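Peer 1:
2 protein chains.
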Amino acid sequence: MTAISPQGRTEMLRADGKPVRVLIVDDEAALSELLSMTLRYEGWEVRSAGDGAEAVRAVREFRPDAVVLDVVLPDMDGISVLRRLRREEPAVPVLFLTARDAVEDRIAGLTAGGDDYVTKPFSLEEVVARLRGLIRRSGASSVRTESLLSVGDLTLDEDSHEVTRAGRSIHLTATEFELLRYLMRNPRRVLSKAQILDRVWSYDFGGQANVVELYVSYLRKKIDAGCSPMIHTRRGAGYLIKPGE
Amino acid sequence: MTAISPQGRTEMLRADGKPVRVLIVDDEAALSELLSMTLRYEGWEVRSAGDGAEAVRAVREFRPDAVVLDVVLPDMDGISVLRRLRREEPAVPVLFLTARDAVEDRIAGLTAGGDDYVTKPFSLEEVVARLRGLIRRSGASSVRTESLLSVGDLTLDEDSHEVTRAGRSIHLTATEFELLRYLMRNPRRVLSKAQILDRVWSYDFGGQANVVELYVSYLRKKIDAGCSPMIHTRRGAGYLIKPGE
DNA sequence: GGCGTTTCTCAGGAAATTCACAGGCTGGGC
DNA sequence: GCCCAGCCTGTGAATTTCCTGAGAAACGCC
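Protein sequence lines correspond, in order, to chains A and B.
Note that full-length UniProt numbering gives residue 151 to position 151 of the first sequence, counting from 1, and the numbers run on in steps of one.
Note that full-length UniProt numbering gives residue 175 to position 175 of the second sequence, counting from 1, and the numbers run on in steps of one.
(1) Give the interface partners of B:Thr164 over in chain A, defined as CB-CB distance under 7 Å, in chain order.
(2) Starting from the N-terminal side, write out each stretch of the alpha helix (DSSP H) that is 4 residues or longer and does not extend beyond the UniProt domain "Response regulatory" (21-135) of chain B.
(3) If you measure between the beta carbons of B:Val92 and B:Leu82, is that distance less than 8 Å?
(4) With a cut-off of 8 Å on the beta carbons, I'd call B:Glu125 and B:Glu178 a contact; round off their distance for me.
(5) Determine the closest residue to A:Asp116 out of A:Ser147, A:Leu156, A:Arg87 and A:Asp70, with distance taken between C-alpha atoms.
(6) Establish whether the CB of A:Ala29 and some CB of chain B are separated by less than 8 Å.
(7) Any chance you could list the beta strand (DSSP E) runs of at least 3 consecutive residues sitting entirely within the UniProt domain "OmpR/PhoB-type" (146-243) of chain A, in chain order?
(8) Anything in chain B within Cβ reach of A:Asp26, meaning under 8 Å, just list it in chain order.
(9) Beta-carbon within less than 7 Å of B:Leu134's beta-carbon, same chain only, minus the 5 sequence neighbours each way: which residues are those?
(10) I'd like to check one pair, B:Arg235 with B:Val190: are the Cβ atoms closer than 8 Å?
(11) Do A:Leu35 and A:Val68 have their C-beta atoms within less than 8 Å of each other?
(12) Would A:Asp198 pass as a contact of A:Leu97 if the rule is Cβ separation under 8 Å?
(13) Who are the neighbours of A:Gly236 on chain B, taking C-beta pairs under 9 Å?
(14) Exposed or buried, which one is A:Asn186 when buried takes at least 16 other CB atoms within 10 Å?
(15) Please confirm if A:Glu126 has its CB atom under 8 Å from at least one CB of chain B.
(16) Note down, in chain order, every chain B residue with its Cβ under 9 Å from the Cβ of A:Ser36.
(17) 8 Å is my cut-off, CB to CB: does A:Leu240 come that close to chain B?
(18) Within its chain, find whatever has a CB closer than 6 Å to the CB of A:Trp44; leave out the 5 residues flanking it on each side and keep chain order.
(19) From this set, A:Gly238, A:Arg87 and A:Leu39, which residue's C-alpha is nearest B:Pro90's C-alpha?
(20) Just to confirm my understanding: we take A:Arg137, look at its own chain, exclude 5 residues before and 5 after, and list those with CB closer than 7 Å. What are they?
(21) Pick out whichever of A:Arg132, A:Trp201, A:Pro243 and A:Leu154 has its Cα sitting closest to the Cα of A:Leu13.
(22) Quick one: using the 10 Å Cβ neighbour count with 16 as the cut-off for buried, is A:Gly139 buried or exposed?
(23) Kindly list, in the order they appear in chain B, the residues whose Cβ is closer than 8 Å to that of A:Arg40.
(24) Going along the chain, which residues of its own chain have a beta-carbon closer than 8 Å to the beta-carbon of B:Met230, five neighbours each way excluded?
(25) To the nearest angstrom, report how far apart A:Gly226 and A:Ser202 are at their CA atoms.
(26) Would you report the Cα separation of A:Pro6 and B:Asp159, rounded to the nearest angstrom?
(27) Return the CA-CA distance between B:Arg47 and B:Phe62, expressed in angstroms with no decimal places.
(28) Using a Cβ cut-off of 9 Å, pull out every chain B residue sitting near A:Glu45, in sequence order please.
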């Protein structure tokens, strides 16, 4: 089930019409808060736990639709936490947070089911998208939300990562894809370069703000080439996407 | 929920019909005062805190709908304050105030979800607009306010920054946009050049007062061209906007 | 380890915007 | 009808903002 909020953003709802519930299990307060705030803003109900014991308690009481689990925790490792979570709630999908070098072999074993993972440092856009995907596939929301975003004759499939303009398939790199997705999830809304940077680039990105300009430029070459432009610059304010003409 | 005040200004109200509450956290007394006065005049309830400890206390008692947070504070840096605020009130949206050059290092990673920031020196119009946006999207006011302002056949969308007159789209620069927004938020009310300067230009603007005349002139060329004029001069008093005829 | 791809920095140039200045215009008091 | 403060607006220059090519560095895939 999806609902269009007054601001025009699409919200994810559960079968009973209540907001989706997410449990965040992470001992780094800063990260945990960053995620909480972001997910709340997505319209979800969030609860967070700082260690494994708390997580198990929370999953029992809170009955989340999905769990974000940092695999490095102070009192138990992620695997034990996972095991105990699963004992409580076998079907709940889990999004693992992991360091880049804490290689894929371990994670691969964990994510065998419907689970997924992102590596630190991640972008908020990525976490939100993965979570949406997990929840969508888990069937927590009764009416399946579409994975297809569209603005005018431009479409973007969040599952297959396929992008088309006027039926024509377009190849995008990972960053280009995330930028376009963020724009398309906020059509007709001006997004500042700072907002884009905070959302699409990873939280520890320390580079120049003009990467945003650069990637907008890349996108335009691929998206708006030969067509009426959909990506618009609002000088001094930011960028927005809207149907051509 | 919006209400039209007796003077014709639109006010923002919370679900319970009470005014919106804003907490200002800033150690520069002058700036803090300026903001307080401005926000009170907007019809909001304002409380201010000069340091982090006070801020934490205030957020606990006052339960603000939004926080304005200067990231440079005497006793704690903005990040710690933010963290402690969030522990008290996880969902409260924050508007960060920051120096222009400090932007790129630290702010990334702070702004999550609905948060936003403005760089010093800012214009009051900008701060108010951002705050309104933050509160509007956070859901503090039960009936969400529209992002669309309209006076006669003139409309201004604060989200898309789109302006139309009689259905015809009009391109405005950033300053023109802010000036028009200020006028349109105060329809049928005479605004003096001094008021406009104080509100639309940044607080450290040191230029000639006749920029206001200049920008009114620009606006007229774009807004009132060929139509019955909506922007009127009250000689010796100021300007006002009202529907044509 | 090599090679193509992707990400990002840097810097030059183009374009839009902001603003000062100054001369012209106007309304209203006399 | 005259005058002047107050207002309007054309011109142009400084500044800001944005766009984009070139190339270095990092990454990922055999």
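Glycine is no exception: its CB is placed at the ideal position from the N, C-alpha and C atoms.
Since we're looking at a predicted model, the values are computed, not measured.
Peer 2: From the atom records:
(1) Position 164 of the second sequence holds residue 164 of chain B. Here the premise fails: no neighbours, minimum Cβ distance about 13 Å.
(2) 29-41, 52-62 and 78-88
(3) In the second sequence, counting from the first residue as 1, residue 92 of chain B sits at position 92. In the second sequence, counting from the first residue as 1, residue 82 of chain B sits at position 82. No, the Cβ-Cβ distance between B:Val92 and B:Leu82 is not below 8 Å.
(4) Translated into the one-based positions of the second sequence, residue 125 of chain B becomes position 125. Translated into the one-based positions of the second sequence, residue 178 of chain B becomes position 178. Indeed they touch by this definition, with Cβ atoms about 5 Å apart.
(5) Counted from its first residue, the first sequence places residue 116 of chain A at position 116. Checked all of A:Ser147, A:Leu156, A:Arg87 and A:Asp70; the closest Cα to A:Asp116 is A:Asp70.
(6) Locating residue 29 of chain A in the first sequence gives position 29, counting from the first residue. Taking Cβ atoms only, chain B reaches closer than 8 Å to A:Ala29, which makes this a yes.
(7) 148-151, 154-157, 163-165, 168-170, 231-234 and 238-241
(8) Counting from one through the first sequence, the residue named residue 26 of chain A turns up at place 26. Correct list: empty, because the minimum Cβ distance to chain B is about 14 Å.
(9) As a first step, residue 134 of chain B must be located in the second sequence, where it is residue number 134. The answer, listed in chain order, is Ala66, Pro93, Leu95, Gly114 and Asp116.
(10) As a first step, residue 190 of chain B must be located in the second sequence, where it is residue number 190. As a first step, residue 235 of chain B must be located in the second sequence, where it is residue number 235. No, the Cβ-Cβ distance between B:Val190 and B:Arg235 is not below 8 Å.
(11) Position 35 of the first sequence, counted from the start, is the residue given in the question as residue 35 of chain A. Position 68 of the first sequence, counted from the start, is the residue given in the question as residue 68 of chain A. Cβ atoms of A:Leu35 and A:Val68: closer than 8 Å.
(12) In the first sequence, the residue the question calls residue 198 of chain A occupies position 198. In the first sequence, the residue the question calls residue 97 of chain A occupies position 97. Going by C-beta atoms, A:Asp198 is not nearer than 8 Å to A:Leu97.
(13) As a first step, residue 236 of chain A is located in the first sequence; it is residue number 236 there, counting from the start. Result: Thr173, Ala174, Thr175 and Phe177.
(14) Along the first sequence, one-based indexing puts residue 186 of chain A at 186. A:Asn186 comes out buried.
(15) Indexing the first sequence from 1 puts residue 126 of chain A at position 126. Cβ-Cβ to chain B under 8 Å: no for A:Glu126.
(16) Walking along the first sequence from the start, residue 36 of chain A turns up at place 36. Arg86, Pro90, Ala91, Ala112 and Gly113, listed in chain order.
(17) Numbered from 1 along the first sequence, position 240 holds the residue referred to as residue 240 of chain A. At least one chain B Cβ lies under 8 Å of A:Leu240.
(18) Walking along the first sequence from the start, residue 44 of chain A turns up at place 44. Closer than 6 Å at Cβ, skipping near neighbours: Pro19, Val20 and Val22.
(19) Taking the second sequence and counting its residues from 1, the one referred to as residue 90 of chain B is at position 90. Taking only the C-alpha atoms, the option nearest B:Pro90 is A:Leu39.
(20) Position 137 of the first sequence holds residue 137 of chain A. Hits under 7 Å: Gly114.
(21) Counting from one through the first sequence, the residue named residue 13 of chain A turns up at place 13. The candidate whose alpha carbon is nearest that of A:Leu13 is A:Arg132.
(22) Working through the first sequence from its first residue, we reach residue 139 of chain A at position 139. Exposed, by the Cβ-count rule.
(23) In the first sequence, counting from the first residue as 1, residue 40 of chain A sits at position 40. The answer, in chain order, is Pro90, Ala91 and Gly113.
(24) Working through the second sequence from its first residue, we reach residue 230 of chain B at position 230. Closer than 8 Å at Cβ, skipping near neighbours: Val151, Gly152, Leu154, Ile223, Asp224, Ile241, Lys242, Pro243 and Gly244.
(25) Counting from one through the first sequence, the residue named residue 226 of chain A turns up at place 226. Counting from one through the first sequence, the residue named residue 202 of chain A turns up at place 202. Cα to Cα, A:Gly226 sits roughly 32 Å from A:Ser202.
(26) Along the first sequence, one-based indexing puts residue 6 of chain A at 6. Along the second sequence, one-based indexing puts residue 159 of chain B at 159. Residue placement at A:Pro6 is poorly supported in this model, since its pLDDT is 42, which falls under 50; the coordinates are not used for a value here.
(27) As a position in the second sequence, residue 47 of chain B is number 47, starting the count at 1. As a position in the second sequence, residue 62 of chain B is number 62, starting the count at 1. Going from the Cα of B:Arg47 to the Cα of B:Phe62 covers about 8 Å.
(28) Residue 45 of chain A sits at position 45 when you count from the first residue of the first sequence. Here the premise fails: no neighbours, minimum Cβ distance about 10 Å.
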